[in-house]
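Undergrad:
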Amino acid sequence: MDLLKKLCRIEAPSGNEGAMTEFILNYIKNEKKRWGKQPLVYSGDSFQDCIVLAFGKPRTAVFAHIDSIGFTVRYKNELIKIGGPQLINGCLLVGEDSKGKIETKILLDKKKNTIKCDFKREIDRGTMLTFKPEFRESKNYVQCCYLDNRLGVWNALQLAKTLKNGLIVFSCWEETGGGSVAYLAKFIYEKYKVKQALISDITWVTDGVPHGKGVAISLRDSGLPRRSYINRIVKIAQKSKIPFQLEVEGTGGSDGNVIHRSPYPIDWCFIGAPESHVHSPDEKVHKKDIEAMVDMYKLLLKEL
Amino acid sequence: MDLLKKLCRIEAPSGNEGAMTEFILNYIKNEKKRWGKQPLVYSGDSFQDCIVLAFGKPRTAVFAHIDSIGFTVRYKNELIKIGGPQLINGCLLVGEDSKGKIETKILLDKKKNTIKCDFKREIDRGTMLTFKPEFRESKNYVQCCYLDNRLGVWNALQLAKTLKNGLIVFSCWEETGGGSVAYLAKFIYEKYKVKQALISDITWVTDGVPHGKGVAISLRDSGLPRRSYINRIVKIAQKSKIPFQLEVEGTGGSDGNVIHRSPYPIDWCFIGAPESHVHSPDEKVHKKDIEAMVDMYKLLLKEL
Amino acid sequence: MDLLKKLCRIEAPSGNEGAMTEFILNYIKNEKKRWGKQPLVYSGDSFQDCIVLAFGKPRTAVFAHIDSIGFTVRYKNELIKIGGPQLINGCLLVGEDSKGKIETKILLDKKKNTIKCDFKREIDRGTMLTFKPEFRESKNYVQCCYLDNRLGVWNALQLAKTLKNGLIVFSCWEETGGGSVAYLAKFIYEKYKVKQALISDITWVTDGVPHGKGVAISLRDSGLPRRSYINRIVKIAQKSKIPFQLEVEGTGGSDGNVIHRSPYPIDWCFIGAPESHVHSPDEKVHKKDIEAMVDMYKLLLKEL
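Chains as they are written, first to last, in the working numbering: chain A, 1 to 304; chain B, 1 to 304; chain C, 1 to 304.
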C-alpha cells in the first residue's frame, strides 16, 4: 500500500496532471525491469499529460484516469469546483502559488451561496487546490482522498507487472468530463486496432453494491455499454472464483462515456472497487474489493 | 404493414440492438435479389451492431436508428429509464433473464419517487425491458410502441428496393444520445466522401405539425443544421407534389446532432412523419404521412 | 473601426453564416495584397461555411467564430432562441423571408412564458432574426450587438496584416455549442500538425475583470485548458508591457471546449476583451482592451 499512499499524496487536479505524469513515468523507468514483459511507453507532446503502455500484441486497453477533483481559486479567495468535490465546511485544502505553499480551510457561506477559503492573504488567481491527504489503513479498509482514482492507477500498475498483451492508458480530465480520451481512443484504435476497453476506476457503495462483496462490474450508468461485450465479461467473471458484484445505475459516468461517443467502435466496461464517502477527503475502500479488482483485471486481460 | 409489425415486435433497447441487427441482415439477405441494385453490406465487429448499405455511387446517406427506449432493471425490481420513455402506471413490459421470459407492469410510487415493476420474483440485475407491443391498424392510422423508429427503419428498407446511388445506415444508441454515429460518420466520409445526410426518424405532432398533412422536414430542433443545405431540400420538396410540413422546434434531437458535432463536415436534415403519444406504447402515425415520407426520400436521394 | 461596424451589420446567426463567409472571403481577396505575407485560403464544401488562412509555417491557430446569437421564427410568429440572447421586451429584430424584409419587436408574455414578435403578418417558418445593429462609438468605448464575436473576427483580420507563421480559423455554430470546430481541429492537426490554439472571442466584465484594464486571459471557464500551456502564455504576457487581466470562471464556454473534447491533442486558451451587456443589442467594450487584444495576439503568435 506504500505506492498507493504516495499516489494519493500527489496534487494533480484535472488540467494540471503534470506531477502525476512525471511520477508514473519515473515509477515505470525504475520498476519495469522487474516486469514480465517490457512495454513500449508513449508520452510527450502528442499525448499531452497522458501515458500509454503497450505490452505485446494488445487486444484490450485499460483506462485509468490520473486526475482528481479539486478547486480553482477565483477572485478574493473565492473557490470554484473542479469536477464534483463534496463541500464540507472546514475541510483542509493544499496548494501552491507564486508566493509559496498554501494550507487553508473551506468556508461555506450558505446564505450568499459562496465557497471561499480562509487563507491569510489573497491567493493568486487560478491557483488549484486539492484535499489535504490523510492516508488511513485498517485491517479491512484503506481510506484517503483521491482513492478515486489513485486506486485505479495503482490497479493498472499492479497489472503491468505480469501483463503479456494489452494496453494501459493513463488519461486526464476525467473528473471534468473528458478531454484526452477521444484522442487516446483514436491512438489505440488506429495504431493497435484495439476495440475492447476496460475502465479501471472507482465506483460508489450503494443499496445494491456494499463494501467487501467484490469488485463491481457495471452493467450501465449514464452510459450504456454494448450488452454483448458486457455479457462476455460477466461470463468470464462467473467462471472464475473472484468475488464480484453487478452494478446498475442511471447516473454517473466515466472515461467509458467518452470512448462511447468517440468516432471509434470501441467497446467498454467499467470495472472497479466500490467506495463510500465519494469525492470527499475520506474515500474508503475495502481491501478485499481491491484484491478482487486486481485479480479480475489480470484474468480479463488474458481471456478477453 | 406486415414488415412494420414485425419490426415493432423485436426487442432492441439502446445498447442491446443485436436482435434487430440480425433481423435486418436476414431480411436483406432474403430480399435484396428483388431490389433494383445490389448494395455492398457492411456489418460486423468494426460496426458493432450497426449496418451500412452502399448502393452505386452515393452522394447522400440515410440514417435510421434501430434502437428503442426501454428500462433497465436495477436492484429489487427497481427500474431505470433507457432514454425517455413515458412513465405510465400499469403499463406492460416484456423481457427475458437467466430464469426465463418476463411480462410485468410498471409500478410508479410518486411519494418515494421510484419506478418499479411488480414481477413475482427478483429479476436479474441489468435485464432490459421494453413495452409490450400491441400493433393496431385502422383506415388512416398505424399505432404501436416503437414506431419511433421502426418506421424510420421501414422507410429505409422501402427506399432500398429502388435505390440507385446512396447509403443506408442503421445506427444504434440514438435514444440515449449516440454512440455509433460518430464512427459511422467517419466511415461514410472517409470511404465514400459523402457529405450529405438525411435522418429517417419520427417526430412529434405539435401545434404546427398535425397528423395527415405530410412528412415533416425539420428546419431545426436543439440542433441547427446548415441553412443552405436545408434550403436546397425545401426547394426540391416545393417543386414536388409530395405533401410535407416545415417543422421548427427548440428542443429534441436526433442522430443529426451527433453528425453535427462529429469531426466531419457532413450536412444533415431530419425528415420524418409526425407521431402523437410519443415514447409511449401508443405511438400513432397517419398513413398518408408515412407514404409521403417514403416518396420524399425516394425523390431526395435522386435529386440531392 | 469602419470594418468592425460593417462586420456588426451582417446577419449571420448560427447555422446561417453564409453572408459572413462571403464578406470575409471578399475582404481577404481585396486586402491581402497589402498583407506582409500571402496566406493559403481554405474554404468551400469541405469547410461548410468556415474559412482557414494558413500563413508560413504555423505553430499556433487562432479561432474566431463568425456566427451570432438570434432567433428562429416558429409557428404564428413565436420565437425560439438561437444560443442565449437576452430577452428584452420591445427589442428590435431584423431579417428576411420569402415575402420581403422584416423589422419587428420582441413581445414577451411572462404569464404564458412565450416569446413572440409583433410583425403585421405571419413570418415564414424557420426565418432567422437578429438584433437590429446600432453601432455607437465614444472616446473610450464601442457599443453594438454582436461585438461578440465580430471583435474576435476583427482581431483576427488585424493579425492577418503582419502574420508570418500561423493559422487563422473562422468557425461556425459557436453560439449553439459547436458543429464545425471538431473537423477544423482535425484539419489543422492533420494538415499542419498544429497543437496550439488561441480562442479569439469576447468575454464578460465581472467583479474580477473590469473594463479598461486590458485583454482577459482566461485560466478556465466551464472548460479547463491544460495548465502547462496556460502558464507559458501568462509568462509571455507578464514579460510584455501589454495590459492584461487573468480571468477565472466556473461557467461559460467557447470553441475551446470543442477543441478540448475533439480527438486531437490540441492545447487551447481563451484570450479576449471583456464586454458588458453581454448577448444584448448593447454589448460594450473598452477601446484599450481591444488594442491590448490585438497586441497580445501579435506577440503570442510570434513567441508561442
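Glycine residues also receive a C-beta, built at the ideal position from the N, C-alpha and C atoms.
Going by DSSP in three states, residue 128 of chain B sits in which element: helix, strand or coil?
TA: DSSP places residue 128 of chain B in strand when its eight states are reduced to three.
Undergrad: For residue 104 of chain C, which of helix, strand or coil comes out of DSSP?
TA: Looking at residue 104 of chain C - three-state DSSP - the assignment turns out to be strand.
Undergrad: Is the Cβ of residue 265 of chain B closer than 7 Å to any Cβ of chain C?
TA: Chain C contact via Cβ: present.
Undergrad: Determine the DSSP secondary structure at residue 207 of chain A, reduced to helix, strand or coil.
TA: Coil at residue 207 of chain A, not helix or strand.
Undergrad: Strictly under 7 Å for the Cβ-Cβ distance: is residue 238 of chain A near chain C by that measure?
TA: Answer no: the Cβ-Cβ gap between residue 238 of chain A and chain C never drops below 7 Å.
Undergrad: List the residues of chain B whose Cβ lies closer than 7 Å to the Cβ of residue 182 of chain C, in chain order.
TA: Per Cβ cutoff of 7 Å: 261, 262 and 263.
Undergrad: Is any beta-carbon of chain A found at less than 7 Å from that of residue 16 of chain B?
TA: Closer than 7 Å to some Cβ of chain A, the Cβ of residue 16 of chain B qualifies, so yes.
Undergrad: Taking residue 65 of chain C as part of the beta strand (DSSP E), name the residues at either end of that continuous run.
TA: Unbroken beta strand (DSSP E) run through residue 65 of chain C: 60 to 65.
Undergrad: Should residue 130 of chain A and residue 70 of chain A be called a contact, given that it needs their Cβ atoms to be closer than 7 Å?
TA: Yes, they are a contact pair.
Undergrad: Curious, which full-length alpha helix (DSSP H) runs of at least 4 residues does the region 219 to 265 of chain B contain?
TA: Whole alpha helix (DSSP H) segments, 4+ residues: 227 to 239 and 255 to 261.
Undergrad: Listed from N- to C-terminal order along the chain, which residues in the region 196 to 208 of chain A have their beta-carbon within a distance smaller than 7 Å of any beta-carbon of chain D?
TA: Of the protein chains in the structure, A, B and C, none is chain D.
Undergrad: Taking 7 Å as the cut-off, decide whether the C-beta atoms of residue 92 of chain A and residue 132 of chain A are in contact.
TA: Taking 7 Å as the Cβ cut-off, residue 92 of chain A and residue 132 of chain A qualify as a contacting pair.
Undergrad: Helix, strand or coil: how does DSSP classify residue 196 of chain B here?
TA: Reduced to three states, the DSSP call for residue 196 of chain B is strand.
Undergrad: Just reading off the beta strand (DSSP E) that residue 51 of chain A is part of, what are its end residues?
TA: Looking at the DSSP string, the run of the beta strand (DSSP E) that includes residue 51 of chain A is 51 to 55.
Undergrad: Would you list the residues sitting across from residue 78 of chain C in a DSSP beta bridge?
TA: The partner list for residue 78 of chain C (beta bridge, DSSP) reads C:116.
Undergrad: With DSSP as the reference, identify every bridge partner of residue 97 of chain A, one or two as the case may be.
TA: Note: residue 97 of chain A sits in a beta bridge opposite A:100.
Undergrad: Alpha carbon to alpha carbon, what distance is there between residue 173 of chain B and residue 68 of chain B?
TA: So the alpha carbons of these two residues sit roughly 8 Å apart.
Undergrad: Residue 269 of chain A bridges to which residues according to DSSP?
TA: In DSSP, residue 269 of chain A forms a bridge with A:198.
Undergrad: Within its chain, find whatever has a CB closer than 6 Å to the CB of residue 42 of chain C; leave out the 5 residues flanking it on each side and keep chain order.
TA: Only 52 meet the Cβ criterion.
Undergrad: For residue 184 of chain C, I'd like the list of residues in its chain whose CB is within less than 8 Å of its CB, leaving aside the five on either flank, ordered along the chain.
TA: So the qualifying residues of the chain are 47, 50, 52, 63, 169 and 171.
Undergrad: Under a CB-based cut-off of 7 Å, is residue 220 of chain A close to chain C?
TA: By this cut-off, residue 220 of chain A is not an interface position.
Undergrad: Which runs of the beta strand (DSSP E) at least 3 residues long sit entirely within the region 135 to 182 of chain C? Give them in chain order.
TA: Those beta strand (DSSP E) runs which fall completely within the region 135 to 182 of chain C and span 3+ residues are 141 to 143 and 166 to 171.
Undergrad: Is any beta-carbon of chain A found at less than 7 Å from that of residue 169 of chain C?
TA: Residue 169 of chain C does not count as touching chain A.
Undergrad: Comparing alpha-carbon positions, which option in A:255, A:277, A:293 and A:153 lies nearest residue 217 of chain A?
TA: The option with the nearest alpha carbon to residue 217 of chain A is A:293.
Undergrad: Would you give the residue range spanned by the alpha helix (DSSP H) that residue 300 of chain A belongs to?
TA: Note, residue 300 of chain A: alpha helix (DSSP H), 287 to 303.
Undergrad: Which residues of chain A have a Cβ atom closer than 8 Å to the Cβ of residue 12 of chain B, listed in chain order?
TA: By Cβ distance, chain A contributes nothing, its closest Cβ being about 10 Å from residue 12 of chain B, past 8 Å.
Undergrad: Following the continuous alpha helix (DSSP H) through residue 18 of chain B, name the residue where it begins and the one where it ends.
TA: Looking at the DSSP string, the run of the alpha helix (DSSP H) that includes residue 18 of chain B is 18 to 31.
Undergrad: Quick one: is residue 221 of chain A buried, meaning 16 or more other Cβ sit within 10 Å of its Cβ, or exposed?
TA: Under this definition residue 221 of chain A is a buried residue.
Undergrad: Give every residue of the same chain whose Cβ lies closer than 7 Å to the Cβ of residue 38 of chain A, excluding the five residues on either side of it in the sequence, and list them in chain order.
TA: Taken in chain order, the residues that qualify are 32.
Undergrad: Can you pull the chain A neighbours of residue 74 of chain B, defined as C-beta to C-beta under 8 Å?
TA: Neighbours of residue 74 of chain B on chain A, chain order: 208, 248, 249 and 250.
Undergrad: So that I know if they touch, is there some Cβ in chain B lying closer than 7 Å to that of residue 254 of chain A?
TA: Chain B contact via Cβ: absent.
Undergrad: Grouping DSSP H, G and I as helix and E and B as strand, with all else coil, what is residue 109 of chain B?
TA: It is a strand residue.
Undergrad: Quick check: the Cα distance between residue 310 of chain C and residue 191 of chain C, rounded to an integer number of angstroms?
TA: No information on residue 310 of chain C is available, as it lies outside the stretch 1 to 304 that chain C covers here.
Undergrad: Helix, strand or coil: which one does DSSP assign to residue 184 of chain C?
TA: The answer is helix: DSSP assigns residue 184 of chain C an H, G or I state.
Undergrad: Taking 7 Å as the threshold (beta carbon to beta carbon), is residue 46 of chain B in contact with chain C?
TA: For residue 46 of chain B, the answer is no, since every Cβ of chain C falls outside 7 Å of its Cβ.
Undergrad: Distance cutoff 7 Å, beta carbons only. Does residue 121 of chain A sit that close to anything in chain C?
TA: No, residue 121 of chain A lies away from the interface with chain C (no Cβ there is under 7 Å from its Cβ).
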